[in-house]
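Going letter by letter, the sequence shown gives residues 1 to 50 in the working numbering.
For each residue, glycine too, the CB sits at the ideal point set by N, CA and C.
Structure record follows, encoded as structure tokens.
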Amino acid sequence: MGYLSKDGQRKGRVSLFDRFTTRRSWSDSFRITQFDNAGKVVVDKLTDAL
Numbered sequence: 001m002g003y004l005s006k007d008g009q010r011k012g013r014v015s016l017f018d019r020f021t022t023r024r025s026w027s028d029s030f031r032i033t034q035f036d037n038a039g040k041v042v043v044d045k046l047t048d049a050l
């Protein structure tokens, strides 16, 4: 899913994966990855809850 700035311009995208959609090697349940408009990873977070 993409995310927008407060003036409505696209700023990048966010991906959410749970334990059922990826082969995982971590113990938490969810992985959240945020990318900027150029495709570079800005945030890569593992968490138990959303």
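C-beta contact flag for residue i and residue j at 9 Å
i: Leu50; j: Arg31; result: no
i: Thr33; j: Asp44; result: yes
i: Phe35; j: Arg13; result: yes
i: Asp7; j: Ser29; result: no
N-terminal and C-terminal residue of the beta strand (DSSP E) that residue i is part of
i: Ser5; result: No beta strand (DSSP E) holds Ser5; DSSP gives it neither H nor E.
i: Leu46; result: Val41 to Thr47
Residues sharing a beta bridge with residue i, DSSP
i: Ser15; result: Thr33
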